[in-house]
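First to last, the protein sequences are chains A and B.
The first sequence begins at 1 in the numbering used here and counts up one residue at a time.
The second sequence begins at 1001 in the numbering used here and counts up one residue at a time.
There are 2 protein chains.
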Amino acid sequence: MKRLHNFCAGPATLPLPVLQKAKDELTNYRGKGASILEMSHRSPEYSAIHRQAVQRLKQLTGAGDEWDVLFLQGGASSQFMMVPHNFLNGSRTADYIDTGRWSDNAIKEAGLFGNVHVPFSSKESNYSRVPAEGDLSYSRAPQYVHFTSNNTIYGTQFASEPDAPAPLVCDASSDFLSRPLDLDRYGLIYAGAQKNLGPAGVTVVMIKKSFADTQRSETIPTILDYKTHQARIFNTPPVFAVYMVNYVLEWIEERGGLEYFRDINARKAARLYSELDRDDFYRGTVHKDSRSRMNVTFRLRDKRLEPEFLDRAEEHGLLALKGHRSVGGVRASLYNACEMESVEALVEFMQQFRAKHG
Amino acid sequence: MKRLHNFCAGPATLPLPVLQKAKDELTNYRGKGASILEMSHRSPEYSAIHRQAVQRLKQLTGAGDEWDVLFLQGGASSQFMMVPHNFLNGSRTADYIDTGRWSDNAIKEAGLFGNVHVPFSSKESNYSRVPAEGDLSYSRAPQYVHFTSNNTIYGTQFASEPDAPAPLVCDASSDFLSRPLDLDRYGLIYAGAQKNLGPAGVTVVMIKKSFADTQRSETIPTILDYKTHQARIFNTPPVFAVYMVNYVLEWIEERGGLEYFRDINARKAARLYSELDRDDFYRGTVHKDSRSRMNVTFRLRDKRLEPEFLDRAEEHGLLALKGHRSVGGVRASLYNACEMESVEALVEFMQQFRAKHG
């Protein structure tokens, strides 16, 4: 049975060596007589995995002792409410940059807990760009500045962290570990694992201790309080997902870390965008300087050809290229585990399709 | 590599046929060219799994159209705050039966959202029993009555649902699907999967629609509102955990459903308790009429022998028998996937150990 080229936006393709390790160990973890799925989350085996995953994440991102790494549940959508529940308290203000559906959802949840100021929104252009320098009108003294580093649905991405008058809080779900981060600028980074990091079911939260100390909510439920999770593994973590993340982190290390992925991801995206820009048979959907290296979105000049494009692509072993249901068109997601050979296969198919229909 | 007898309290042993299916499919799900871990949660493949798991749960429990089945994240600990966040609103009262650590945690969270009345607590006897008929002093008109059907740490269990003047809300994490339920008495049932149902990382919530309609909280974050999840799959579910749960449900069906497990679980527990009651070398820690069929807790008459008991047991291939860190002693967890042969192996070891040290 052959594995195909998988461009799914998430849950997304995983490194084959990681899947194979998990497969080998699934009924009996390293001769211990039970699967890792069947062991206590307080067992030495799982504790070692959890610790190692935390260490690897710190090592890869360059996070020192001033950072805590948490493996939580509930996805980025849970962080949308946990962040303001912890850090806004009715009278405080946070600034939320609005670059897409997920930013917008985060803004709605924040509004339940405090004041939200939106220093930039590209909503009126159907989220076709992220802010350029000078586009951001911050409030006077925001508690934090929230942004979505990559916008999966629309195919835009911040080229680097926005300048901001407060610690950044970032929904990095769809480009976390795809490139180095300027950690000093952040207070908190969260990411659902199911794009660059592992299977669905675990959410990584990196929180700077000094930022955590600005928490002021007094009636917060225990499990929604970051301090609960900073102190210890509070309740049963999603064991298998963390176990897989640990192997993905090992694979990232072995490949060469975040610099390696920054470069290869740049090359993968450039290969595909240059094919889009060859003529107007294919048309990128966003401003060129906002283009994402993770999710390449495009339409066909003749939109009526899109269903056929998608059908033929699937016959060629190119999976999950359909654009998000809310925007249509084509979307190729090129996360870390999507190899250059998959991009080459897609480009080759696009050339054939153009030759036939162009 | 041999699999051993696993008595872990959770994450707990899983049916071997389920693990083997997952193993076979891990790198390529049914010839689709990708792992189920790598497919969109909106894909036809995952959607079919999710729907099937919901249907199987309804079929097994006898839940009709008046029930919704949700697969959420965050464990029972998240439900501790979600339930009162939805159903208490400051002036309302709920009754919480206090039979252990998890009940107590649920009570603490409920207190953030409304009035809590405790109709029974066995805290002063170190939670050595659940209420008998007549022990429960309910408030005048509680919104709901919360109980923990099985108490993993202490080894107690309700023999059946308590009589109550309001819909029951149950933390069934450690005995869900181990026996039939009297569904008409419930408004909501929740269970972390990692005992009887699958791997850690998914929480099953069964909610009666008429009970859901009593929700009154107006400023609840979207993801904490049960209505959000009743309406649709709101955000990326823990795909692998639900996939595993679906196979465990299939296995429960094939074995003979909840009546089968009620009977076999009764026999497994009886086998072990009769060994405890043979003389006073081993001593059960709870009232006989409150004994759990899921978690059998006991001490040795000579407590100094307990470390040796646990070491020798492990050498005999009997895993994870150590009592919860907060109570000590020995705990054998006999969930659905713990086979009678494992109980027999434990009993045989206990007899040998008694013969040597008694």
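Think of the CB as a built atom: it goes at the ideal place given N, C-alpha and C, for glycine as much as any other residue.
Checklist entry - Ends of the beta strand (DSSP E) at A:Arg331? => result In the DSSP annotation of this structure, the continuous segment of the beta strand (DSSP E) that includes A:Arg331 starts and ends at Val330 to Ser333.
Checklist entry - My guess is that B:Leu1019 and A:Leu26 are in contact by the Cβ rule of under 8 Å, so how many angstroms apart are they, rounded? => result At roughly 6 Å, the Cβ-Cβ gap stays under 8 Å, so B:Leu1019 and A:Leu26 are in contact.
Item to check | C-beta neighbour in chain A for B:Thr1152, strict 8 Å | outcome: It does not: the Cβ of B:Thr1152 has no partner Cβ on chain A nearer than 8 Å.
Checklist entry - Where does B:Lys1208 land, buried or exposed, given buried means 16+ other C-beta within 10 angstroms? => result buried
Item to check | Cross-chain neighbours of B:Ile1223 in chain A, by beta carbon under 9 Å | outcome: Gly74, Gly75, Ser77, Ser78, Phe80, Met81 and Glu109
Checklist entry - Looking at the structure shown, is B:Val1069 part of a helix, part of a strand, or coil, going by DSSP? => result strand
Checklist entry - Of the residues that make up the region 223-242 of chain A, which ones have a beta carbon closer than 8 Å to any beta carbon in chain B? => result Contacts with chain B (Cβ-Cβ distance below 8 Å) from the region 223-242 of chain A involve Ile223, Leu224, Phe234, Asn235, Thr236, Pro237, Pro238, Val239, Phe240 and Ala241, listed in chain order.
Item to check | Inside the region 1285-1343 of chain B only - alpha helix (DSSP H) runs reaching at least 4 residues | outcome: Counting only runs of 4 or more, we get 1306-1315.
Checklist entry - Helix or strand or just coil, what does DSSP make of B:Arg1255? => result helix
Checklist entry - Leaving out the 5 sequence neighbours to the left and right, which residues in its chain are closer than 6 Å to B:Lys1322 when beta-carbon positions are compared? => result Leu1310
Next on the checklist: Only counting the same chain, and skipping five residues up and downstream in sequence, which positions put a Cβ closer than 8 Å to that of B:Ala1141?
Outcome noted: Excluding positions up to five away in sequence, the list reads Thr1093, Pro1165 and Ala1166.
Next on the checklist: So, for B:His1041: in the same chain, excluding its five sequence neighbours on each side, which residues have a beta-carbon less than 7 Å away from its beta-carbon?
Outcome noted: Ile1233, Thr1236, Pro1237 and Val1239
Checklist entry - Going along chain A, which residues have a C-beta under 7 Å from B:Cys1008? => result Chain A residues near B:Cys1008: Glu38, Met39 and Ser40.
Item to check | Alpha-carbon spacing of B:His1005 relative to B:Cys1338, whole angstroms | outcome: 8 Å
Next on the checklist: One question on the structure: do B:Tyr1186 and B:Val1204 come within less than 8 Å of each other, judged by their Cβ atoms?
Outcome noted: no
Item to check | C-alpha gap between A:Lys195 and A:Ser173, whole angstroms | outcome: Distance from the CA of A:Lys195 to the CA of A:Ser173, rounded to the nearest whole angstrom, comes to 7 Å.
Checklist entry - Exposed or buried, what is B:Gln1157 when buried is set at 16 or more other beta-carbons lying within 10 Å of its beta-carbon? => result buried
Next on the checklist: So, with DSSP's three-state summary, where would you put A:Met39?
Outcome noted: coil
Item to check | Reference B:His1357, options B:Arg1312, B:Glu1341 and B:Val1327, closest by Cα | outcome: B:Arg1312
Item to check | C-beta neighbour in chain B for A:Ala320, strict 8 Å | outcome: yes
Checklist entry - Mind checking if A:Lys2 is an interface residue toward chain B, Cβ cutoff 8 Å exclusive? => result Yes, because at least one Cβ of chain B sits closer than 8 Å to the Cβ of A:Lys2.
Checklist entry - How do the region 55-73 of chain A and the region 246-258 of chain A stand: do at least 3 beta-carbon pairs fall below 8 Å, yes or no? => result Judged by Cβ distances under 8 Å, the region 55-73 of chain A makes contact with the region 246-258 of chain A, as three or more pairs qualify.
Next on the checklist: If we define contact as Cβ-Cβ less than 8 Å, is B:Lys1268 a contact residue for chain A?
Outcome noted: no
Checklist entry - With a cut-off of 8 Å, does the C-beta of A:Pro307 fall near any C-beta of chain B? => result no
Item to check | For A:Gln157, the three-state DSSP class (helix, strand or coil) | outcome: strand
Next on the checklist: Within a Cβ cutoff of 8 Å, which residues of the same chain sit near B:Ala1063, ignoring the five residues on either side of it in sequence?
Outcome noted: Leu1057, Val1069, Leu1183 and Met1206
Next on the checklist: Considering just the uninterrupted stretch of the alpha helix (DSSP H) at A:Lys21, what are its terminal residues?
Outcome noted: Leu16 to Glu25
Next on the checklist: Buried or exposed for B:Glu1315, going by 16 or more other Cβ atoms inside 10 Å?
Outcome noted: Its Cβ having fewer than 16 others within 10 Å, B:Glu1315 is exposed.
Next on the checklist: According to DSSP, simplified to helix, strand and coil, what is B:Val1130?
Outcome noted: Three-state DSSP puts B:Val1130 in coil, outside helix and strand.
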